[in-house]
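Q: With this note's numbering applied, the sequence shown covers 409 to 881.
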Amino acid sequence: MRRRATISPDTTNRTAAETGLDRARKRLKPPPVPTDDRARSRLVLDTMILHLHPARIPQRTLKWTYTWGLGGLAALLVTMLVTTGVLLLTNYTPTAPDAYLSILALRSNVWFGDLLRNVHHWSANLLIVVAVLHLLRVFFTGAYRPPREVNWIFGIVMLLLILGANFTGYLLPWDQLAFWAITVGTSLISYVPFIGGWLGSLLLGGPEVSGATLLNFYALHISFVPLSLFVLMALHFWRVRKDGGLTLPRAAGEAPVEKPRRVTTIPYLIRRETVWALSWIAIILTFSVFVSAPLEGIADPNLSPNPAKAPWYFMGLQELLLHFHPFVAAIVIPSLALAGIISLPFLDHLTDHEGIWFRSGRGRSLAMLAAGCSLALSSAWIVADDLFLDWAAWLGNWPTIISNGFIPLAIAVMVLALLDLWVDKGLDGTLEERVLFLFTFLAVSLVVLTIVGIFFRGPGMELMWPWSIASGH
Ligand code: HEM
Numbered sequence: 409m410r411r412r413a414t415i416s417p418d419t420t421n422r423t424a425a426e427t428g429l430d431r432a433r434k435r436l437k438p439p440p441v442p443t444d445d446r447a448r449s450r451l452v453l454d455t456m457i458l459h460l461h462p463a464r465i466p467q468r469t470l471k472w473t474y475t476w477g478l479g480g481l482a483a484l485l486v487t488m489l490v491t492t493g494v495l496l497l498t499n500y501t502p503t504a505p506d507a508y509l510s511i512l513a514l515r516s517n518v519w520f521g522d523l524l525r526n527v528h529h530w531s532a533n534l535l536i537v538v539a540v541l542h543l544l545r546v547f548f549t550g551a552y553r554p555p556r557e558v559n560w561i562f563g564i565v566m567l568l569l570i571l572g573a574n575f576t577g578y579l580l581p582w583d584q585l586a587f588w589a590i591t592v593g594t595s596l597i598s599y600v601p602f603i604g605g606w607l608g609s610l611l612l613g614g615p616e617v618s619g620a621t622l623l624n625f626y627a628l629h630i631s632f633v634p635l636s637l638f639v640l641m642a643l644h645f646w647r648v649r650k651d652g653g654l655t656l657p658r659a660a661g662e663a664p665v666e667k668p669r670r671v672t673t674i675p676y677l678i679r680r681e682t683v684w685a686l687s688w689i690a691i692i693l694t695f696s697v698f699v700s701a702p703l704e705g706i707a708d709p710n711l712s713p714n715p716a717k718a719p720w721y722f723m724g725l726q727e728l729l730l731h732f733h734p735f736v737a738a739i740v741i742p743s744l745a746l747a748g749i750i751s752l753p754f755l756d757h758l759t760d761h762e763g764i765w766f767r768s769g770r771g772r773s774l775a776m777l778a779a780g781c782s783l784a785l786s787s788a789w790i791v792a793d794d795l796f797l798d799w800a801a802w803l804g805n806w807p808t809i810i811s812n813g814f815i816p817l818a819i820a821v822m823v824l825a826l827l828d829l830w831v832d833k834g835l836d837g838t839l840e841e842r843v844l845f846l847f848t849f850l851a852v853s854l855v856v857l858t859i860v861g862i863f864f865r866g867p868g869m870e871l872m873w874p875w876s877i878a879s880g881h
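(1) Pick helix, strand or coil for residue 764, following the three-state DSSP scheme.
(2) Cβ of residue 570 versus every heavy atom of the ligand HEM: is any distance shorter than 7 Å?
(3) Nearest to residue 719 by alpha carbon, out of 461, 474, 526, 585?
(4) Scan the segment 495-524 and note each continuous alpha helix (DSSP H) run of 4 residues or more that stays entirely inside, going in chain order.
(5) By Cβ distance, which residues of its chain are closer than 7 Å to residue 696, with the 5 residues on each side in sequence left out?
(6) Per the contact definition of three or more C-beta pairs closer than 8 Å, is the segment 680-687 in contact with the segment 561-578?
(7) Using 10 angstroms around the beta-carbon of residue 836, count the other beta-carbons present and answer buried if the total reaches 16, otherwise exposed.
(8) If you measure from the CB of residue 676, is any heavy atom of the ligand GTP nearer than 7 Å?
(9) For residue 680, report the span of its alpha helix (DSSP H) as first-last.
(10) Helix, strand or coil: which one does DSSP assign to residue 445?
(11) Can you give me the Cβ contacts of residue 878 inside the same chain, cut-off strictly under 6 Å, excluding the 5 residues immediately before and after it?
(12) In whole angstroms, what is the alpha-carbon distance linking residue 854 and residue 573?
(13) Out of 749, 822, 763, point me to the one whose CA is closest to residue 540's CA.
(14) Under a three-way DSSP split, which group does residue 842 fall into?
(15) Hey, how far is the Cα of residue 824 from the Cα of residue 499?
(16) What three-state label does DSSP hand residue 708 in the structure shown?
(17) Decide if residue 840 is buried, meaning its Cβ has at least 16 other Cβ atoms within 10 Å, or exposed.
(18) Please state the DSSP three-state secondary structure of residue 870.
(19) Counting beta carbon pairs with one atom in the segment 774-784 and one in the segment 852-866, are three or more of them shorter than 8 Å?
(20) Rounding to the nearest angstrom, what Cα-Cα distance links residue 491 and residue 632 in this structure?
(21) Looking at the strands, I want to know which residues DSSP matches up with residue 536.
(22) Residues bridged to residue 465 by DSSP?
(23) Could you check which residue in 581, 651, 461 has the C-alpha nearest to that of residue 503?
(24) Output needed for residue 669: all residues of its chain with C-beta closer than 6 Å, excluding positions within five of it in sequence on either side, in chain order.
(25) Three or more C-beta pairs closer than 8 Å, one from the segment 610-618 and one from the segment 744-760: is that the case here?
(26) What are the boundary residues of the alpha helix (DSSP H) that residue 556 is part of?
(27) Would you tell me roughly how many angstroms separate the C-alpha atoms of residue 689 and residue 480, rounded to the nearest one?
(28) Helix, strand or coil for residue 627 per DSSP?
(29) Short check: CB of residue 622 to CB of residue 507, under 8 Å?
(30) For a quick check, are the C-beta atoms of residue 767 and residue 550 less than 8 Å apart?
(31) Suppose you measure from the CA of residue 746 to the CA of residue 721; what does that come to, to the nearest Å?
(32) Which same chain residues, not among the five before or five after residue 660, have their C-beta less than 7 Å away from its C-beta?
(33) Three-state secondary structure (DSSP) at residue 583?
(34) Taking 7 Å as the cut-off, is the beta-carbon of residue 564 closer than that to any non-hydrogen atom of the ligand HEM?
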């Protein structure tokens, strides 16, 4: 804060150089603009950095095992995606079948074209994983609670946009993989009540995936989705600063830190960010040199692969479809999950344990217990449902939306309610421990569903060992 200069009563007896006013003038004078180029560039760079970061940050927030650098990595990946995406545009034709041919040309005729495509592909997939891990870190350190609830909601919208960016980009190579994955993925839209048919044909540009869909997805992929993501990222960073910076990491049982020791952003934070970003750029480049993004034969609407699978990040949803009526699997369960995750900061708003991983030592044990229960129960349920649970046959006269939809859903909700009762009464859990337990249980269930969908489903979506699928037996 600037201090007001005061003139002492005996000013008249002093030389001009000694007056308080002069001393204040000297203090307020901006530093001279450096004359040599290096120092001037340094000044410009520092000013740019300080537009994005506060000048000083609590030293504690530099703790590596607190943020794991996941938010910064997500921002780096978005930047890499925009850069490589703009370059890819110069060699892409968004019409069928030319889209496929332009990808072939990019791979063989354009200098580093294949590498560019690989970097774009792997960064996009990595971004989903990183954004989900960042969400989990925010959840498990209690950093979503007031005053950060708005940023939590911005984050959820960004995650949806990241999924949207990946999904719309998936179709662009116009190969068999893309065509059938998008056919499976978009078929779920028809289950949206009342407007499903209309919404489906609006997005697809007709009754099924075609050249019109490619054009629609292309337009969304290069304009609406990245622009919205950019706006939200700007809001997200602004909110981090407005909410007083990051939550302060603490050890379990440590009292809240009132006046944390601060260090300057330059060099302490910037040095770490630079090393982190350069390391990830090196990892992604190296990986992209050796591992190519998949590309199958040109899209053929008459040749459906067996099994036809959705993109990997929607395989949990596709696995749900094998166990529930499509309306329940594709609409009811995702809507309940979304409503639940949005309302988390309002359900569990105690801020006592903010900044402590898993809230406490006991919270850590409860989270591990929840993960174990979920692993056992979700796997057992998937196998049992495949082998002998047959609600539709047992309740033959009932509409399948009830026998195969709401009845298994009610049973699943009852199991969750019983688990919650056990943590509440049996283990004497607090509200935040109950929320921690249920969230961990559901997050692990989603991981189990996704892994089973990706690796354990063979032809006809039969449950099989991955090695039997690979060997074709
Ligand atoms: C493109 C996606 C995202 C980017 C680029 C991004 C970036 C960042 C960055 C740089 C930070 C500060 C450093 C850090 O915590 O690592 C941060 C903090 C935060 N992010 Fe994200 N984020 C993204 C997605 C999300 C998602 C999906 C959520 C949750 C639903 C979320 C919620 C938050 C919250 C609540 C904070 C404040 C954490 C605290 O105070 O400890 N963000 N984000």
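Even for Gly, the Cβ is constructed at its ideal location relative to N, Cα and C.
A: The relevant details are as follows:
(1) It is coil, neither helix nor strand.
(2) Under cutoff, so the answer is yes.
(3) Checking every option, the nearest Cα to that of residue 719 belongs to 585.
(4) Taking only runs of at least 4 residues, the alpha helix (DSSP H) segments lying wholly in the segment 495-524 are 506-517.
(5) Only 523, 526, 527, 530 meet the Cβ criterion.
(6) At 8 Å Cβ cutoff, the stretches do not touch.
(7) Residue environment: residue 836 is assigned as exposed (fewer than 16 neighbouring CB atoms within 10 Å of its CB, all protein chains considered).
(8) Of the ligands one can find in the structure shown, namely the ligand HEM, none is the ligand GTP.
(9) For residue 680, the enclosing alpha helix (DSSP H) stretches over residues 673-698.
(10) Correct three-state label for residue 445: helix.
(11) Within the same chain, no residue comes within 6 Å of residue 878 by CB-CB distance, once the 5 residues on both sides are set aside.
(12) Cα to Cα, the separation comes out at about 21 Å.
(13) Answer by Cα proximity: 749.
(14) The answer is helix: DSSP assigns residue 842 an H, G or I state.
(15) Going from the Cα of residue 824 to the Cα of residue 499 covers about 51 Å.
(16) Coil.
(17) Burial is judged here by how many other beta carbons sit within 10 angstroms of a residue's own beta carbon; residue 840 has at least 16 and is buried.
(18) If DSSP states are grouped into helix, strand and coil, residue 870 belongs with coil.
(19) Touching, yes.
(20) Rounded to whole angstroms, residue 491 to residue 632 spans 16 Å at the Cα level.
(21) Looking at the DSSP assignment, residue 536 forms no beta bridge with any residue, so it has no partner.
(22) Paired residues: 671.
(23) For residue 503, the nearest C-alpha among the options comes from 581.
(24) Around residue 669: 467.
(25) Taking 8 Å as the limit for Cβ pairs, the verdict is that the segment 744-760 does not touch the segment 610-618.
(26) Residue 556 -> no alpha helix (DSSP H), and no H or E assigned at all.
(27) Residue 689 and residue 480 have their C-alpha atoms spaced approximately 13 Å apart.
(28) Of the three classes helix, strand and coil, the one that applies to residue 627 here is helix, per DSSP.
(29) Yes. Within cutoff.
(30) Going by C-beta atoms, residue 767 is nearer than 8 Å to residue 550.
(31) Roughly 16 Å between the two C-alpha positions.
(32) The beta carbon of residue 660 sits closer than 7 Å to the beta carbons of 764, 768, 769 from its chain, once the five residues preceding and following it are set aside; these are given in chain order.
(33) In this structure, residue 583 counts as strand in the three-state DSSP scheme.
(34) Yes - the ligand HEM has a heavy atom lying nearer than 7 Å to the Cβ of residue 564.
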